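Notes follow once the structure below has been shown.
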Amino acid sequence: MAGGSQSVVIGIDLGTTTCSVGVWRHGQVEMVRNDNGNLSTPSCVAFTDAGRLVGDFAKSQAPRNAPNTVFNIMRIIGRRYDE
């Protein structure tokens, strides 16, 4: 597009155990690496006194903070809290 902006297309895979992101560039999908250099991130969120943790950080502290750690999120997305 001469003088115009170009749209960016991304794909997000919200998996049961891991998530990943890809970006469409130059006619192909380029996978995005996380802060640890991995192509996938654990589908895990933890809530601590210091704040919210996601991915590898959340998963690594899960044994010490199980009541405040959510994993396998795809199993509960779309469900009601009381289910």
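The working numbering applies: residue 24 is where the sequence shown begins, and numbers increase by one.
Beta carbons: idealized from backbone N, C-alpha and C, even for Gly.
For clarity, every value in this text was computed on a predicted model and none was experimentally measured.
Residue i in three-state terms, based on DSSP
{"i": "ARG48", "result": "strand"}
{"i": "GLY34", "result": "strand"}
{"i": "SER66", "result": "coil"}
{"i": "GLY78", "result": "helix"}
{"i": "PRO86", "result": "helix"}
C-alpha gap between residue i and residue j, whole angstroms
{"i": "VAL68", "j": "SER30", "result": "30 Å"}
{"i": "MET24", "j": "HIS49", "result": "Because the pLDDT at MET24 is just 48, under 50, the model does not fix this residue reliably, and the value given afterwards should be weighed accordingly. For MET24 and HIS49, the distance between alpha carbons rounds to 14 Å."}
{"i": "SER43", "j": "GLY101", "result": "20 Å"}
{"i": "ASP105", "j": "ARG98", "result": "14 Å"}
{"i": "ASN57", "j": "ARG87", "result": "24 Å"}
{"i": "MET54", "j": "THR40", "result": "18 Å"}
{"i": "GLY74", "j": "LEU62", "result": "25 Å"}
Reference residue i, options the options, closest by Cα
{"i": "LEU76", "options": "GLU106, GLY60, THR40, VAL93", "result": "VAL93"}
{"i": "PRO65", "options": "ILE33, VAL32, GLY38", "result": "GLY38"}
DSSP bridge partner residues for residue i (one or two, in chain order)
{"i": "GLU53", "result": "VAL46"}
{"i": "THR41", "result": "PRO65"}
Contact belief for residue i with residue j at Cβ below 8 Å, rounded distance in angstroms
{"i": "VAL52", "j": "GLY45", "result": "4 Å"}
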